[in-house]
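Structure first, commentary second.
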Amino acid sequence: MSNLHPFPGSSSAPQNLPLPFDPAMAPAPRCRILHQSLPEPLRQVIDQGRIERHSRFSEEGFADVVETWTPPEGMTPRHAALARRALAEIDETILAPAPANHLLGRVLALLSHFPAKATTPEVEQLLAMDWADDLGEFPAWAIDHAARRWRRTRKWRPSIAEIRALCEEACAGERALADRLRAIALAGERLGETGHGSGDFRPMLASALRRMW
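Here the sequence shown is numbered in numbering that gives the first Met the number 0, starting from 0 and rising by one per residue.
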């Protein structure tokens, strides 16, 4: 069971999901259950896809490992329809952006654990807008996870970039699955439009990043 206490009128766990999802579970079993709940044709395609990994570097050196997944040959419009349906459920529920009041409430609570010098109301409003803008793409449960992990493992005030990294890590598996479903849909739709296979389909970079801690 999760020990989070949702804000009144909101919840970090998506409600009424056709696909099983429990944000309190560890990432590996959570993603495995989600994968197993997909229609069998989609599971087979995902398992048969080609995975390539390569390191990405920044000016400061090693940044992360990026995973590239390419769907196998033989994608059909039926695969595309199944993938679009599953992708819509994931995007609209599991990965749906957090409500603004939940996001700002969680950030305010986290920052309150690390008091800083007083600022003017105008500056506080600008800071809140920055946090909302830079974390607005993430689901509520990923933001909750990032805040919980930070306050349990760090002794200093977080930056937006540090919390973003934790949010990305929290939902990396679900984002990677969504990217694969999107690639399947595009490949199947392309076949329906052209009548050609997906052999020259351009690989899509998955959003799952394996970070070094």
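Backbone N, C-alpha and C define an ideal beta-carbon position, used for all residues, glycine too.
{"query": "Determine the DSSP secondary structure at Trp155, reduced to helix, strand or coil.", "result": "coil"}
{"query": "Once DSSP output is grouped into helix, strand and coil, what is the label at Thr92?", "result": "helix"}
{"query": "Please state if the CB of Trp140 and the CB of Pro22 are separated by a distance shorter than 7 Å.", "result": "yes"}
{"query": "Could you give the distance in angstroms between the alpha-carbon of Ala205 and the alpha-carbon of Leu41?", "result": "Unreliable placement is indicated for Ala205, whose pLDDT of 38 sits below 50; the coordinate value is still reported in the next sentence. Roughly 17 Å between the two C-alpha positions."}
{"query": "Can you tell me the Cβ-Cβ gap for Leu33 and Leu176, rounded? I've got them flagged as a contact below 8 Å.", "result": "7 Å"}
{"query": "For His53, report the span of its beta strand (DSSP E) as first-last.", "result": "49-57"}
{"query": "Return the chain-ordered list of same chain residues with a C-beta closer than 7 Å to the C-beta of Phe113, the five sequence neighbours on each side being excluded.", "result": "Trp155, Arg156"}
{"query": "Where does the unbroken alpha helix (DSSP H) through Gly60 begin, and where does it stop?", "result": "Note, Gly60: premise wrong, no alpha helix (DSSP H); beta strand (DSSP E) at 60-69."}
{"query": "Report the three-state DSSP secondary structure of Met74 (helix, strand or coil).", "result": "coil"}
{"query": "Please report how far the alpha carbon of Pro5 lies from the alpha carbon of Met74, in whole angstroms.", "result": "Confidence in Pro5 is poor, its pLDDT being 43 and thus under 50, which makes the residue's placement unreliable; the coordinate value appears in the next sentence. About 42 Å."}
{"query": "Following the continuous alpha helix (DSSP H) through Cys30, name the residue where it begins and the one where it ends.", "result": "26-35"}
{"query": "Return the residue from the list Ala169, Ala87, Arg49, Arg55 that minimises the CA-CA distance to Glu72.", "result": "Arg49"}
{"query": "Among residues of its own chain, excluding the 5 on either side of Ile89, which ones have a beta-carbon nearer than 6 Å to its beta-carbon?", "result": "Ala177"}
{"query": "Going by DSSP in three states, Cys166 sits in which element: helix, strand or coil?", "result": "helix"}
{"query": "So Gly104 is in the alpha helix (DSSP H); what residue range does that whole segment cover?", "result": "99-111"}
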